[in-house]
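*Asks:* Got a structure for you, written out below as structure tokens; questions coming shortly.
There are 2 protein chains.
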Amino acid sequence: MRMTQTFVPVLKESPADAEIISHKLALRAGLIRQTAAGIYAWLPLGFRVLKKIEAIVRREQDRAGGAELLMPTVQSADLWQRSGRYDAYGPEMLRFEDRHGRNMLYGPTNEEMLTELFMSAAASYRDLPKMFYHIQWKFRDERRPRFGVMRGREFLMKDAYSFDVDEEGLRRSYDSQFEAYLRTFAALGLKAVPVRAPTGPIGGDLSHEFHVLADTGESAIYYDAALEDISIDDPEAVAKLSATYAMEEEEHEKVADCPVPADRLLKRRGIEVGHIFAFGSKYTNGMGYSVQGRDGEQVHPLMGSYGIGVSRLFGAIIEACHDEAGIVWPRQVAPYQVGIINLRQGDEACDAACEQLYGQLTDAGVEALYDDRNDRGGAKFATMDLIGLPWQLIVGPKGVSAGTIEVKNRATGERADLSPEDALARVAA
Amino acid sequence: MRMTQTFVPVLKESPADAEIISHKLALRAGLIRQTAAGIYAWLPLGFRVLKKIEAIVRREQDRAGGAELLMPTVQSADLWQRSGRYDAYGPEMLRFEDRHGRNMLYGPTNEEMLTELFMSAAASYRDLPKMFYHIQWKFRDERRPRFGVMRGREFLMKDAYSFDVDEEGLRRSYDSQFEAYLRTFAALGLKAVPVRAPTGPIGGDLSHEFHVLADTGESAIYYDAALEDISIDDPEAVAKLSATYAMEEEEHEKVADCPVPADRLLKRRGIEVGHIFAFGSKYTNGMGYSVQGRDGEQVHPLMGSYGIGVSRLFGAIIEACHDEAGIVWPRQVAPYQVGIINLRQGDEACDAACEQLYGQLTDAGVEALYDDRNDRGGAKFATMDLIGLPWQLIVGPKGVSAGTIEVKNRATGERADLSPEDALARVAA
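Printed below as a string of structure tokens:
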């Protein structure tokens, strides 16, 4: 993509209301813009990152056996009255009437709706187990939205729901999502810690939160250093991680006798990006749904729900991956892999060299962003560092006459003057 | 995908409130479910079709030079007060207050928001031309939603917006979208007719609607038969089509002297699936935005907007592509390319033959849906015809012992008994 064809409105200054680094950088790099309190538009570069995060989440949900569907954003209040949550849910729920005066709401989550969709068609234990997920915009009318897309009001979430006939099945579903979460965060280039969580208003007795480690994280977590040695490729990873100590500060402080020796107890800051629950028959029972069990009796299927904050991950990744100069995107979610900087736009030789590089990268299937604006070199360097693509190809008159291009690795800062062929090989590797 | 792993709740009877064939078939085939009046959940098979339509729309928007972004569903009323449309828009606009009493709305379209997003960052004619698009859920609170997803309240739409400094540029942008629309509908396997349209409340003086031809279409259109001979691969296609007579009935009847000879004037039924407008400076001027022009003067950029009803297309395709037995999906948007019918689930040889076929198709990258349920052959035939995948592979005890598989083409009804190798080659072609 050529910079002149897309829209990257970088800002020199951070807007005053941006409190945390991910919010500042996302605004400065022209990735998002606020359109109302806690509500954001995803500009072209930010949108590409969001789609890449979404694609990785989807891939791991598919691998876990989830069937993807899509539920609408607007829900009927009736549904929530039947589960008893309509009155229980606080002012975070955005409620309104439609033109006929019917009570509606913008869904903050979908337990009720999916229970109704699936259970109204399920008759027998043979229709189970089943795992569904969708990736959809949701709304929570936060009293004080802040931290950019990390705590926005309109946010993108992956929520999955499992239905099983017995506890053993529920545990299998829960563990398959647990593993999917480990794979998802690893594929995003993040370090995530599963923390045993209190179950709260969703109910049930088994729950984990997943925290991405970042020095600027909102919460403190305590965990056994042994946790860092467990690989997701270990077939026992879920069992080992579930058994390894990890708690949020507030919960940790309630533990009278921490089983982890002091020299192995780590304290790190984290950002919650996922939360999974096994809550059993709360909704199937509450909403009056059952299936015929194996012995002919009626049973209320046992459910779990499994959320990942997709738009929140966007912020969490920036919190975990940035430096003084700007964002340092992990390769997996970078909006483009390579940025081409033309130091003398309008110079025939520089333009030709850039066009050739851009064409070759495009032909090779390497996503490239070509800064073809009429701007000073210094401004282009700063913009490209801010945007944070993994590689930069810097084309100037000196290099062009010497037959070289400067290749810069954004993460390490390493630079090398290479022939165009070697430069292409380096960034495409 | 195995039928037992996904969720395809087919219905024997059409729900009484489904008036048109696409609505009946989409419900019966388990593609969608209504969750509130005019609001639908997209079940796994329907969701796959929707995503494929979306992907084709996206590809052609990218080709037309559009930069994709994503604007939120919830908008501030302020924005619409500034353009003057807040009061003008009728009860179709879903309005509500947030917890702080601020007036908000669920966006029915995005002219105001994108004008603000882009124009607040554009300073000069050098920042133009620019074309943006997004594919996002929108809401129109129809008084009487009906026809399933063809006229739902929450619907998925692609809307694009162009900004140019002069009329010539606007016309170029308009024509590039016109061409993108022709390519989009052709790629979807549809016959679409561009009809000159009155501009209505969006204003401006150039507008076309695109109607998909279907015998069950909601509107009658009159057009010159010559239109059917114009290929989109003709570089002059846009100019020729714009100059060829095509009108909706209501407009046609106002034409005193139709220029098309009676023997060339066709009357067909159509479904409106796209609408493009060149409306000039209505919003930039109305909202007080300008850029510096080529000669230093301030100019209000000229805009166009370009909509495609993505979820509406889902219904329109079914209207155009069905028969007595069910849906006949065009290959390009079919949820899967091949359905495998196991006539004797539990029979060792049949199960093994089906598993092998399923594995081979999956390995070859051919999307297959394997009906592995315990059900009678007759029910499986009816379900597969209803769902409408392009090919069926029918595996029964007789064929398996003879070393053959029955291959059925859903559209033509042609059947052949082939060796497994030939069957795979046939459906993968």
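Protein sequence lines, in the order shown, are assigned to chains A and B. The end of the first sequence is residue 428 by numbering that gives the first Met the number 0, with every number in the run present. The end of the second sequence is residue 428 by numbering that gives the first Met the number 0, with every number in the run present. For glycine and all other residues, C-beta sits at the position ideal for the given N, C-alpha and C.
(1) Nearest-angstrom Cα distance between I134 (chain A) and Y305 (chain A)?
(2) Tell me, please, whether the CB atom of M70 (chain B) is closer than 7 Å to any CB atom in chain A?
(3) Buried or exposed for D86 (chain A), please, with buried defined as at least 16 other CB atoms from any protein chain shown within 10 angstroms of its CB.
(4) Return the residue from the list A:N408, A:W79, A:L392 that minimises the CA-CA distance to Q359 (chain A).
(5) Given that D370 (chain A) touches chain B, what residues does it touch there, using C-beta distances under 9 Å?
(6) Helix, strand or coil, according to DSSP, for E248 (chain A) in the structure here?
(7) Could you name the residues of the stretch 58–86 of chain B whose beta carbon sits closer than 9 Å to any beta carbon of chain A, in the order they occur along the chain?
(8) Taking DSSP as the reference, what is the three-state secondary structure of N109 (chain A)?
(9) When burial is assigned at 16 or more other CB atoms within 10 Å of the CB, is K129 (chain B) buried or exposed?
(10) Could you list which residues in chain A have their beta carbon closer than 9 Å to that of Q176 (chain B), in chain order?
(11) Residues of chain A with CB under 7 Å from E153 (chain B), in chain order?
(12) How would you list, in chain order, the residues of chain B whose beta-carbon sits under 7 Å from the beta-carbon of I38 (chain A)?
(13) Going by DSSP, name the residue or residues bridged to R414 (chain A).
(14) For a contact defined as C-beta to C-beta under 7 Å, what are the partners of W41 (chain B) on chain A?
(15) With a threshold of 16 other CB atoms inside 10 Å of the CB of E111 (chain A), please say whether the residue is buried or exposed.
(16) Compare the beta carbon distance of S21 (chain B) and I317 (chain B) with 7 Å and say whether it is the shorter of the two.
(17) Round the Cβ separation of A517 (chain A) and L181 (chain A) to the nearest angstrom and send it over; I've been treating them as touching at under 8 Å.
(18) Quick one: Cα of A333 (chain B) to Cα of P260 (chain A), how far?
(19) Between which residues of its own chain and T3 (chain B) is the CB-CB distance below 8 Å, once the five residues before and five after are set aside?
(20) Jot down the residue ranges of each uninterrupted alpha helix (DSSP H) in the stretch 44–73 of chain B, minimum 4 residues, whole runs only, in chain order.
(21) Which runs of the beta strand (DSSP E), 3 residues or longer, sit entirely within the stretch 92–180 of chain A?
(22) So D140 (chain B) packs on R98 (chain A), CB below 8 Å; how close in whole Å?
(23) Classify G303 (chain B): buried if its beta carbon has 16 or more other beta carbons within 10 angstroms, exposed otherwise.
(24) Would you tell me roughly how many angstroms separate the C-alpha atoms of G439 (chain B) and V298 (chain B), rounded to the nearest one?
(25) With three or more beta-carbon pairs closer than 8 Å as the criterion, would you say the stretch 321–328 of chain B touches the stretch 145–152 of chain B?
(26) Beta carbon of E405 (chain B), beta carbon of D416 (chain B): below 7 Å?
(27) Mind checking V237 (chain B): buried by the 16 CB within 10 Å criterion, or exposed?
(28) Going by DSSP in three states, L342 (chain B) sits in which element: helix, strand or coil?
(29) Counting Cβ pairs, one atom from each stretch, are 3 or more of them under 8 Å apart for the stretch 167–187 of chain A and the stretch 66–85 of chain A?
(30) Would you say the beta carbon of K397 (chain B) is closer than 6 Å to some non-hydrogen atom of the ligand GTP?
(31) In angstroms with no decimal places, state the Cα-to-Cα distance between L212 (chain B) and I270 (chain B).
(32) Could you tell me the boundaries of the beta strand (DSSP E) in which W41 (chain B) lies?
(33) Does the Cβ of S418 (chain B) have 16 or more other Cβ atoms within 10 Å, making it buried, or fewer, making it exposed?
(34) Tell me which same chain residues have a C-beta within less than 6 Å of the C-beta of F117 (chain B), skipping the five on either side of it?
(35) Quick one: is S400 (chain B) buried, meaning 16 or more other Cβ sit within 10 Å of its Cβ, or exposed?
(36) Bridge partners of Y305 (chain B), per DSSP?
*Replies:* Taking the definition as stated:
(1) 12 Å
(2) yes
(3) exposed
(4) A:L392
(5) Ordered by position in chain B, no residue passes the 9 Å Cβ test against D370 (chain A), which lies about 14 Å from the chain.
(6) helix
(7) G64, A66, E67, L68, L69, M70, P71, T72, V73, Q74, S75, D77, L78
(8) coil
(9) buried
(10) Going along chain A, no residue has its Cβ under 9 Å from Q176 (chain B), so there is no contact; the nearest lies around 15 Å.
(11) P71, T72, V73
(12) P71, V73
(13) A:K407
(14) L68, L69
(15) buried
(16) yes
(17) Not covered by the structure: residue 517 (chain A). The range shown for chain A is 0 to 428.
(18) 58 Å
(19) D371, R372
(20) none
(21) 93–96, 102–105, 129–138, 153–163
(22) 5 Å
(23) buried
(24) Any answer about residue 439 (chain B) is impossible in this case: the structure gives chain B only from 0 up to 428.
(25) no
(26) yes
(27) buried
(28) coil
(29) no
(30) No copy of the ligand GTP appears in this structure; indeed no ligand is present at all.
(31) 7 Å
(32) 38–41
(33) exposed
(34) none
(35) exposed
(36) B:A159, B:I275
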